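Protein chains in written order, with the numbering used here: chain A, 7 to 353; chain B, 7 to 353; chain C, 7 to 353; chain D, 7 to 353. We treat Cβ as the ideally placed atom computed from N, Cα and C, and that holds for glycine. Note that this is a predicted model, so its numbers are computed, not measured. Structure first, then comments.
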């Protein structure tokens, strides 16, 4: 059985680096090439402690980003671990070559009109916005085999997974949702700034981008597909840890939304999902998911409010792992292939 | 000028230990005695790296908790860094001897009827509940000189300081407030349990006691004094750090509650406060307050919601520092005495 | 092809828990049972976020430690993640049933006379001490198929791997070696003590057991097999992290021990090892190995001294991963089976 | 009584920032000015959460580094928290104006011939090298009132304090000392590089600059003044914490160097020192000193080796606090003035 050949563009960032390792260790994938301007020419193994068991040819050394399209002829699928502006150009190019494309950025998650405000640029490939499948398979199903995938953001994944079933079952009001989310620092990518230096982050905690984070319209849009009328406030915070993301979501209850009922709703929704784990609210813990492709979810309620929780590893279920899961799903394989041997780091 | 002689009961816990050091280094206080069953008989300096410059007599060695009342004859004021049930017995005893008493626990912060539900016991000294001054001086003023003080909880301090001025100025609705708070682990005190061991906390983040934390009625009661009709949801979370507490508060805006107006409201309210610092929301950071008696506050708004933030060191402004501040205030001294040389650890 | 059926005794500790997951995810192993008195009766999945894909029968729920022998009839191999005193009794019992046994403790790593001083007990199964294979396969080869294995300690693995080739090639003096080692806290196991609580470990660093750590005779004995005359000083320290162990070793150079030569010696020794990675001294970093079964090693020298470095994950290459590697080796399989998909947590 | 007016050059770095706060809160000092090109024009309080109680005039806002000499006419003493090359030019200029100068850098700690190799530049003010007092008052006494001070490095302070008494009492051999030291990241200053970003440091541990750290000749030179013939190996490592430095030192024992004798030697040497605290080896802990001007020291021995430990806060006793201590000492005041209210962060 031939392996699907996968290229990774942007393989020196945190999620690109994990993506390359997941591809290299996957039983049905082979790493076709990995690009990084910073590491171009270096051997894969000089930067990845994990050895490239199956890497012959182009994957043995990192290649320049500019050579990505040239290497595409030798691959079946491409993972774009690139910024939104770079992805906006690359996704159509690879897609038109007939490659499966999974984009980690926000470039294909919104409608065109939202980009100037939330991303600061005009969208130059608006035709692809409607063709890109929003790749949260537990809520929106697998992408078509020949499709392109907008891999969801880390915050959206952690918020949508606990909220979507509650909205679908009409247990919460779609208007006035509050999402108070907390992310490890790797969500910001590798940074060469004083602001993200160890001394400035360690022992700190802060909120940022109040009312202004670009994941706000992404969450709204995705939830609105589930239950029209969604409005929400999203407040991201920075945790003094490397990996892990926790979303605490507040919504007004609709009739019948008891503590038992909202918990059962999540249990039912994800009973057959390999990666979404409904648990009791007090058992949602970053230590149980960081390092894995799992997302823990929980919900409870009193007369005044419903609280829904989500926890995941922002680099795995929030990025590289979800990308591989999407690749598995669109190729008709077990969604867990190449992802179920990942171990939590702290549990 | 004679120093006020202060005893610390429960001096081996995190906040009791800091309280003893603050007393020992304070220009108008002297440590009269420090109790700890765990350390009874040991020299003060064997457990406190800081030397007891002014400690003669009883303070040179830790004494047993049971001897606290006996030592009280030799002191003017007592800090109770004890559990609620212990404080419930000790506060009346010391107060009846005419001592100034500042209690760190929740034993005198609520009305009697609330104790069975929130603290799990019947209150045995209900007469003192109305006599105890809720010691948040920036909002409720200094205690009378001969008074007893219920030192506020760490979460309540961080939530009340940003919310009270907004409620007083009628910029937010009192009903339906959501307080999503995150605390360092020392808030739970010294723990000899696997649950609080390093390996279980490091790199983790979790919510706990949803709908059930005992600070819920305390915050409600204090804010209700400022604006009747307060109802709220309070969700505490555990940060993987030792010290520091951050509260993100959401409230429905009332007419006129623009971003500018809510920020100005806090700026005006705390213009002359030595310890409460109104800043921009993005500048509220644990690293700037941990180690000090400061509380940073901020507020902003859009059409849908007002967000108010508070950040402090749970062991200082949330416990030992606030106790000394209360002692300063009730004795008519500068509130900052003995507290303004504390340095932030990370900034 | 049938899977080897493996039981894990002591599956609720840090290394036992990882061992159970590694067995469950291994392509040629199946988890036969997992014991834990603390979790007895609970489902495997209530404590292990990773689902037990292949677990039927006894492995579906944790069983009591006392039932380990009874379950042994249904297994081929046993991993003992138990204390030295418990292992001392269990290893002979399982071995006499013809099971492959791998013991994580120090119970079978020394000669009998060393136990009273270093472990505080008389050895009750001295006959098995010479039969137990010291399971560091890169230095001492695989255990025989029918054998029992004393899985090396975490500190010994990190120190022996960089030092053994230098001793074998006579590039360093065997006498007067200094090993200054630093370990993450999980090396001490799960602890329900104030000493190991988060607040006491976070931001701290300390040395412990100077001249008295039980790994001292183990390292001495193993290195002495490589080059007689080894004497050494071993100083362990506690790092404020969960996982990872770093050994800095100092030795007197013998003639010819240049920086180039000692580096080349390690490169040659481990050229074909899947898990030991010789790198430059500045590239030995816990972040590259924590989470994996890798050990990075390096060596350099000047006229006065040779410095050799080793870094590994104390729970994986220092415990559970090495145990699976030993199982692979003694069954004649690829040593990396079931271990090469582990990802570093921070790189 | 007039306060001594002190300027701080380089007040936006970690140690410069702490130095400015210590000066501002000191009972006999007043902050005359604080320079920082990054913050020039900003108010002191916009970057320092601590308010400048006594700051009128020039200190109310940060001024440009280039204006330091101009502001010097209005001050009595200057703290140089600048790089070695900048200090090399500034110290003579301030000293010739008759100011007391304390330099935090390594520019005046070595002999001229050592600078090209260890600091990469030729020394341009060699005449001042012999005039600069090496400011470790516990070992080398106070500087003369009119003097200039080379404030010791952080690693040297932590290694010299435990080793100097042992050398002076001839309890250890001066040749062949090994210093294995571990420092928090703030020792490297504020860094805007990926290498020092949170994600690269958190959960990591590494050695660096083997055989090449510039503190090697500084330690050697200082110890050689105590006992001629010192040779040493110094290996620095990076701890994943912000503040704190721990030195583990190994030396060959001389006759009579029992465990009791080496411990007593340190106890005697520092019996009257306010900041150096001899303790048992197992009690040397970063958590007890980080945040304070204390250095814990310990020593023990067996027949083969003497181990001496030192622990301090690299930004306080290893930099800013020691500078204030030197200022106290050279002005004939209590060495602890303005330093004894500092609290440990974690104990």
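Under 8 Å by beta carbon: chain A residues contacting residue i
i	result
residue 188/B	188, 211 and 243
N- and C-terminal bounds of the alpha helix (DSSP H) containing residue i
i	result
residue 205/C	204-207
residue 20/B	20-31
residue 39/D	Residue 39/D -> not in any alpha helix (DSSP H); beta strand (DSSP E) instead, spanning 35-41.
residue 3/A	Given that chain A is displayed from residue 7 to residue 353, the structure contains no residue 3/A and the question cannot be resolved.
residue 373/D	Absent from the structure is residue 373/D, since the part of chain D shown begins at 7 and ends at 353.
residue 166/A	160-174
residue 225/C	221-232
residue 287/B	That residue, residue 287/B, is in no alpha helix (DSSP H); it is neither H nor E in DSSP.
Segment limits, beta strand (DSSP E) that includes residue i
i	result
residue 238/D	238-244
residue 10/A	10-15
residue 108/A	106-109
residue 305/C	301-307
Own chain, CB closer than 7 Å to residue i, minus 5 neighbours either side, in chain order
i	result
residue 306/D	265, 268, 269, 287 and 313
residue 196/A	19 and 20
residue 98/A	131 and 134
residue 78/A	13, 84, 100, 103 and 105
residue 173/D	180, 229, 232 and 233
residue 350/D	293, 294, 295, 296, 297 and 298
residue 61/D	Confidence at residue 61/D is low in this model, with a pLDDT of 49, below 50, so its placement is unreliable and no value can be given for it.
Given residue i as reference, the closest of the options once Cα atoms are compared
i	options	result
residue 87/B	113/B, 337/B and 104/B	113/B
residue 179/B	194/B, 237/B, 242/B and 209/B	237/B
residue 253/A	188/A, 261/A, 224/A and 225/A	188/A
residue 255/C	303/C, 97/C, 100/C and 53/C	303/C
residue 240/C	186/D, 330/D, 63/D and 65/D	186/D
residue 364/B	293/B, 291/B and 279/B	Nothing about residue 364/B can be reported from this structure: the residues present for chain B run from 7 to 353 only.
residue 144/D	104/D, 351/D, 341/D and 345/D	341/D
residue 154/C	202/C, 260/C, 336/C and 345/C	336/C
residue 72/B	292/B, 57/B, 39/B and 49/B	39/B
residue 250/A	47/C, 43/C and 352/C	352/C
residue 17/C	120/C, 29/C and 9/C	29/C
residue 211/B	219/B, 22/B and 244/B	244/B
Contact belief for residue i with residue j at Cβ below 8 Å, rounded distance in angstroms
i	j	result
residue 191/D	residue 68/A	Contact doesn't hold; Cβ gap of about 28 Å is too wide.
residue 343/A	residue 33/A	6 Å
Neighbourhood of residue i by C-beta distance below 8 Å, restricted to the same chain and skipping five residues each side
i	result
residue 301/D	163, 164, 167, 281, 282, 283, 295, 316, 317, 318 and 323
residue 328/B	141, 142, 157, 158, 163, 299 and 322
residue 339/C	34
residue 208/A	246
Neighbour list for residue i in chain D, Cβ cutoff strictly below 7 Å
i	result
residue 347/B	31 and 347
Amino acids of chain B, ordered along the chain, whose beta-carbon sits closer than 9 Å to that of residue i
i	result
residue 56/D	298, 300, 346, 347, 348, 349 and 350
residue 34/D	Chain B residues near residue 34/D: none, gap ~14 Å exceeds 9 Å.
Residue i: contacting residues in chain A (beta-carbon distance under 7 Å)
i	result
residue 353/C	55
9 Å Cβ cut-off: residues of chain A touching residue i
i	result
residue 214/B	287 and 288
Contact list for residue i against chain D, beta-carbon separation under 9 Å
i	result
residue 184/C	184, 186, 256 and 311
Check: residue i C-beta below 6 Å from any heavy atom of the ligand GTP
i	result
residue 208/C	This structure does not include the ligand GTP; it has no bound ligands of any sort.
Sequence-distant residues of the same chain with beta carbon closer than 6 Å to residue i, five excluded per side
i	result
residue 146/B	140
Chain B residues whose Cβ lies nearer than 8 Å to that of residue i
i	result
residue 248/D	351 and 352
Residue i: contacting residues in chain C (beta-carbon distance under 8 Å)
i	result
residue 24/A	349
Neighbour list for residue i in chain C, Cβ cutoff strictly below 9 Å
i	result
residue 2/D	Since the first residue of chain D shown is 7 and the last is 353, residue 2/D is not available in this structure.
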